[in-house]
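Novice: Line order of the protein sequences matches chains A and B.
According to our numbering, numbering within the first sequence proceeds without interruption in unit steps and concludes at 643.
According to our numbering, numbering within the second sequence proceeds without interruption in unit steps and concludes at 323.
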Amino acid sequence: MNLDPKIPDGPLEKKWSRHKFDLKLVNPANKRKFDIIVVGSGLAGGAAAATLAELGYNVACFCYQDSPRRAHSIAAQGGINAAKNYQNDGDSVFRLFYDTIKGGDYRAREANVYRLAEVSVNIIDQAVAQGVPFAREYGGLLANRSFGGAQVSRTFYARGQTGQQLLLGVYQQMSRQIAAGKIKMYTRHEMLDLVVVDGRAAGIVTRDLVSGAIERWAGHAVLLATGGYSNVFYLSTNAKGCNVTAAYRAYKRGAAFANPCYTQIHPTCIPQSGDYQSKLTLMSESLRNDGRCWVPKRKEDCGKDPNSIPEEDRDYYLERKYPSFGNLAPRDVASRAAKEVCDEGRGVGPGGRGVYLDFRDAIQRMGKEGVADKYGNLFHMYAKITGEDPYSTPMRIYPAPHYTMGGLWVDYNLESTIPGLFVLGEANFSDHGANRLGASALMQGLADGYFIISYTLSDYLARVKPAKVDTGHAAFADAEREVKAKLDRLLSVNGKRTPDELHRELGRVLWDHCGMARSKESLEEALRIIPELRERFWKDVRVVGSGDSLNIALEKAGRVADFMEFAELMCYDALERDESCGAHFRIEHQTDDGEAKRDDERFAHVAAWEFKGVGEKPVRHVEPLVFENVQLATRSYK
Amino acid sequence: MKLTLHIWRQKDAKSPGKLVRYELDDVNEHMSFLEMLDVLNEQLVAKGEEPVAFDHDCREGICGMCSLVINGIPHGPDRGTTVCQLHMRRFRDGDEITIEPWRARAFPVVRDLIVDRSAFDRIMQAGGFISQNTGSAPDANTLPISKEDADAAFDAAACIGCGACVAACPNASAMLFVAAKIGHLSMLPQGKPEEYRRARAMVDAMDAAGFGNCSNHYECEAVCPKEIGVDWIARMNRKYLRATFRKRA
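#1: Give me the residue from 174/B, 278/B, 232/B, 181/B with the minimum Cα distance to residue 92/B.
#2: Beta-carbon separation of residue 237/B and residue 185/B under 8 Å?
#3: Could you list which residues in chain A have their beta carbon closer than 7 Å to that of residue 205/B, in chain order?
#4: Please return the same chain residues whose Cβ sits closer than 8 Å to the Cβ of residue 624/A, not counting the five positions on each side in sequence.
#5: Nearest-angstrom Cα distance between residue 23/A and residue 13/A?
#6: Counting C-beta neighbours from all protein chains within 10 Å, is the total for residue 561/A 16 or more, i.e. buried, or is it exposed?
#7: Between the Cα of residue 102/A and the Cα atoms of 114/A, 46/A, 91/A, 345/A, which residue gives the shortest distance?
#8: Could you check whether the Cβ of residue 269/B sits closer than 7 Å to any heavy atom belonging to the ligand NAD?
#9: In whole angstroms, what is the alpha-carbon distance linking residue 293/A and residue 362/A?
#10: Note down, in chain order, every chain A residue with its Cβ under 8 Å from the Cβ of residue 208/B.
#11: Determine the DSSP secondary structure at residue 189/A, reduced to helix, strand or coil.
#12: Using the three-state DSSP reduction, which class does residue 614/A fall into: helix, strand or coil?
#13: Find the residues of chain B that neighbour residue 557/A, judging by a C-beta separation of less than 7 Å, and give them in chain order.
#14: Can the beta-carbon of residue 229/A be found closer than 8 Å to that of residue 449/A?
#15: Where does the unbroken beta strand (DSSP E) through residue 593/A begin, and where does it stop?
#16: Based on the DSSP secondary-structure assignment, which residues constitute the bridge partners of residue 86/B?
#17: Whole angstroms are fine: how far does the CA of residue 132/A sit from the CA of residue 416/A?
#18: With a cut-off of 8 Å, does the C-beta of residue 184/B fall near any C-beta of chain A?
#19: So if DSSP puts residue 433/A in a beta bridge, which residue, or which two residues, is it bridged to?
#20: Listing by chain order, which chain B residues have their CB less than 9 Å from the CB of residue 503/A?
#21: Of all the CB atoms in chain A, is at least one closer than 8 Å to the CB of residue 218/B?
#22: For the pair the region 96 to 110 of chain A and the region 60 to 78 of chain A, tell me if three or more CB-CB distances fall below 8 Å.
#23: Using a Cβ cut-off of 7 Å, pull out every chain A residue sitting near residue 257/B, in sequence order please.
#24: Could you tell me whether the Cβ atoms of residue 500/A and residue 546/A are closer together than 8 Å?
#25: Hey, which unbroken runs of the alpha helix (DSSP H) at 4 residues or more fall wholly within the region 223 to 285 of chain A?
#26: Could you pull out every residue in the same chain whose Cβ sits closer than 6 Å to the Cβ of residue 577/A, ignoring the five residues on either side in sequence?
#27: At least one CB of chain A closer than 8 Å to the CB of residue 139/B: is that the case?
#28: Who are the Cβ neighbours of residue 179/B in its own chain at under 7 Å, not counting the five residues just before and after it?
#29: Within 10 angstroms of its Cβ, does residue 9/A collect 16 or more other Cβ (buried), or is it exposed?
#30: What runs of the alpha helix (DSSP H), each 4 residues or longer, lie entirely inside the region 217 to 293 of chain B?
#31: Given a cut-off of 8 Å on the beta-carbon distance, is the pair residue 566/A and residue 496/A in contact?
#32: For the structure I just gave you, are there three or more beta carbon pairs, one from the region 183 to 198 of chain A and one from the region 161 to 175 of chain A, closer than 8 Å?
#33: Indicate whether residue 80/A and residue 252/A have their beta-carbon atoms separated by less than 8 Å.
#34: Please confirm whether residue 117/A and residue 435/A have their CB atoms less than 8 Å apart.
#35: I need the DSSP call for residue 557/A, collapsed to helix, strand or coil.
#36: Is it true that the CB of residue 177/B sits closer than 8 Å to the CB of residue 241/B?
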């Protein structure tokens, strides 16, 4: 397996501009001869589809929702980073780059991250020009706030709905290209396989979720922008439909899967309330700008009304442990700190799994209206879900699986190990290392979709001149046959348990054994349980209805079947990475005060896995990470 | 708590549908409305019956996918709330609840509680955008926009495209949706150059899709989960009227 990252030569700050010049171009008149398949219509996929269509390519875009405007990027609340330095507080492209590399615990590729910081400034310009209503100061200029892991205010936001507004911007650009006939949009279509011919991505097989029709689509290149996989945990902050299927099936067709064990646990979610619960709701991390996290100092106080607990009996544990970053400590650090105080028995709320996020001081400082102006919709949402008023009673929060930094391996051109298969946004692995800083997911999705793929894809098309394979080719027929066989098998098991039940069981195994903290023992245990569970799934799952109509149970079962295989890959990766870094915390490797302890000697690399068969151990390949511009240091937020 | 549900079941767009009665025990007050339906579906599947199909995704009130008419009200009894954010503490033990899909000619039923809202996409394709190619935008701060204008634009842009406004309107009018989209873009200087063409094209697309007209029932505003006001409709009408007098742009 070739893991050449294809990082351009030269100094860091020149790499991208030089590379752009070196990349081959497609003549404008020839662009219309190329058909590009884009799977996913979120920030990365939608932006790529719109941009490529603007350039003249023929784009076919697929999503499982009823409209591209519903992609899960829409739910990202907090904001988007950009190194504009509008606030004159010392920000720069290099500082954004540095914060991101450090925040990712030195497990990301320098060149990719620098490019991300570099194009971040263009993203804001682009979004504003499209009419994204970012927050403004009274003077009419853009407002900024700060976010976890940063000491500068570089986050642009649109109330608490930045992801929504950015996605609508993307969707509007797509709408324009759909009207122009340059994008063919296929909604309620799910990609169920990748077709590879002569070692190149040649197309996909989809299921029309309404009619059940299995269809073949050929293209000169395939772009996957299908998001993350944290729904493998069953409970996560992802939309219910988010899944690993497209990425996982590409992996089974030969694309390497990199760093699957890096799942970010987000510190500010509304705690779980019962077993029926279907998802966890994220409160924006921006709340930590003004809210203060605390738990009672004494266990006995946990059941008391929080407003009756005096100042001296409160433990503002983040401010105590990390005085310089305080409540804005990065996500992995803040999550572990919350788990720690709850494990000590000082958690609050049902089951003791919660910490307070208190706005009392902020309300005193800026008034209730000031707080409402900044966070009103989040407070409203919290009140809806919990039935409590966060203006008078502190919110309760707890960590939950959120963003997955792992994904299909890509080189600097965003190309996977299968030529012609490009992977964008959360579905790839490249920019966040072992932990993602707040407000940088939107940035990466849009950077990949608006500003990177258009260059690197044209290079592929111009250099390789891939021929379009006819959908009658045997590889298409084979893929379609396999897809159908799998669906038929799911429909014919006729067992006793629902896909959801089995998924919940898998989720619990992962949360307990491959969650916020892992160990050799827990992971080995998971690797013993998961194959058994998978076997039970195929014996015991019950999918009613048929394959030739809209069947929500069948959709779900197919995704759970892939999670059952993928979970094993995650655990293999977590087991072999015998160090702690970012979101991957191995309890064997911690400092005396409980911080993650990296092992740069042995693990300053990307682990990329090669599929060898279901139930077979995949093969681990390594891409060494070379740091020329930052010094590997212990992350400290103290 | 114990509930009796009357749920619209319809195999596909062509088959006739009907309300089917289900009894559900042990509903927890902290469940969301959709989680209550999940529980029902698990029980149906366990019995070998097909689950009730309904649209949902983010379950955070923002994707706009969930679309149920509960006891005659789109998104249920709470103001400013999507179905996914409606909790069972709003109901009482022994309640009878009727659950139906959005009803409008322009939103044909796909199955059970799922409807086809692609007419909204077609309206957007008619002009709901700013023609700005990627990569050539000027620096964002070269165009100051007053906080008031940005905030007002945001108020309209908050529309999640769920279609409750259509479902609530006796005329199945999409005017609140279209007005919000037009309003958002015309509040901003970037949207000005195309504003008349946009207003004309989107209103025409709305009519072509089979939505009715506004006759001031204000039901749309009452059910809008993002509490978008009908004043946007008045603004749209003014814009559209002016646009019809203009030959160009």
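Where is the CB? At the ideal position from N, CA and C, for every residue including glycine.
Specialist: Let me spell this out:
#1: As a first step, residue 92/B must be located in the second sequence, where it is residue number 18. With distances taken between Cα atoms, residue 92/B lies closest to 174/B.
#2: Taking the second sequence and counting its residues from 1, the one referred to as residue 237/B is at position 163. Taking the second sequence and counting its residues from 1, the one referred to as residue 185/B is at position 111. Not closer than 8 Å, so no.
#3: Position 131 of the second sequence holds residue 205/B. Residues of chain A passing the Cβ test: 181.
#4: Walking along the first sequence from the start, residue 624/A turns up at place 619. These residues qualify, in order along the chain: 6, 614, 615, 617.
#5: By one-based count along the first sequence, residue 23/A stands at place 18. By one-based count along the first sequence, residue 13/A stands at place 8. One C-alpha to the other measures close to 8 Å.
#6: Counted from its first residue, the first sequence places residue 561/A at position 556. Result: buried.
#7: Here residue 102/A corresponds to residue number 97 of the first sequence, with the count starting at 1. Nearest C-alpha to residue 102/A: 114/A.
#8: With respect to the ligand NAD, the structure shown offers nothing to examine, as it has no ligands at all.
#9: Here the question's residue 293/A lines up with position 288 in the first sequence. Here the question's residue 362/A lines up with position 357 in the first sequence. The alpha-carbon atoms of residue 293/A and residue 362/A are separated by roughly 8 Å.
#10: In the second sequence, the residue the question calls residue 208/B occupies position 134. Within 8 Å Cβ-Cβ: 52, 55, 56, 59, 131, 178, 455, 456, 459.
#11: For the purposes of this step, residue 189/A is identified with residue 184 of the first sequence, where counting begins at 1. The answer is strand: DSSP assigns residue 189/A an E or B state.
#12: Here the question's residue 614/A lines up with position 609 in the first sequence. Here residue 614/A sits in strand by DSSP.
#13: In the first sequence, residue 557/A corresponds to position 552, counting from 1. Within chain B, the residues near residue 557/A are 125, 127.
#14: As a working note, residue 229/A is residue 224 in the first sequence. As a working note, residue 449/A is residue 444 in the first sequence. Going by C-beta atoms, residue 229/A is not nearer than 8 Å to residue 449/A.
#15: What you label residue 593/A is simply residue 588 of the first sequence in a count that begins at 1. Unbroken run through residue 593/A: none, as it is neither H nor E.
#16: As a working mapping, residue 86/B is identified with position 12 in the second sequence. Answer is none; residue 86/B lacks a bridge partner.
#17: Position 411 of the first sequence, counted from the first residue, corresponds to residue 416/A. Position 127 of the first sequence, counted from the first residue, corresponds to residue 132/A. Rounded to the nearest angstrom, the two C-alpha atoms are 27 Å apart.
#18: Residue 184/B sits at position 110 when you count from the first residue of the second sequence. Yes, residue 184/B counts as interfacial toward chain A.
#19: Position 428 of the first sequence holds residue 433/A. Per DSSP, 413/A.
#20: The residue labelled residue 503/A in the question sits at position 498 within the first sequence. Neighbours of residue 503/A on chain B, chain order: 115, 116, 119, 120, 125.
#21: Position 144 of the second sequence, counted from the start, is the residue given in the question as residue 218/B. True, the Cβ-Cβ gap to chain A drops below 8 Å.
#22: no
#23: Against the second sequence, residue 257/B aligns to sequence position 183. Within chain A, no residue comes near residue 257/B; the closest Cβ sits about 11 Å away, beyond 7 Å.
#24: Numbered from its first residue, the first sequence carries residue 500/A at position 495. Numbered from its first residue, the first sequence carries residue 546/A at position 541. Against a cut-off of 8 Å, the Cβ pair of residue 546/A and residue 500/A comes out as a contact.
#25: 250 to 257
#26: Position 572 of the first sequence, counted from the first residue, corresponds to residue 577/A. Taken in chain order, the list of residues that qualify is empty.
#27: As a first step, residue 139/B is located in the second sequence; it is residue number 65 there, counting from the start. At least one chain A Cβ lies under 8 Å of residue 139/B.
#28: Taking the first residue of the second sequence as position 1, residue 179/B is located at position 105. Cβ neighbours of residue 179/B beyond the five flanking positions: 246, 284.
#29: The residue you call residue 9/A lines up with position 4 of the first sequence. So residue 9/A counts as exposed.
#30: 221 to 231, 238 to 242, 249 to 260, 269 to 282
#31: Working through the first sequence from its first residue, we reach residue 566/A at position 561. Working through the first sequence from its first residue, we reach residue 496/A at position 491. Contact: no.
#32: no
#33: Walking along the first sequence from the start, residue 80/A turns up at place 75. Walking along the first sequence from the start, residue 252/A turns up at place 247. No, the Cβ-Cβ distance between residue 80/A and residue 252/A is not below 8 Å.
#34: Working through the first sequence from its first residue, we reach residue 117/A at position 112. Working through the first sequence from its first residue, we reach residue 435/A at position 430. Going by C-beta atoms, residue 117/A is nearer than 8 Å to residue 435/A.
#35: For the purposes of this step, residue 557/A is taken as residue 552 along the first sequence, with counting starting at 1. DSSP places residue 557/A in helix when its eight states are reduced to three.
#36: Reading the second sequence from its first residue, position 167 is the one you call residue 241/B. Reading the second sequence from its first residue, position 103 is the one you call residue 177/B. Contact: yes.
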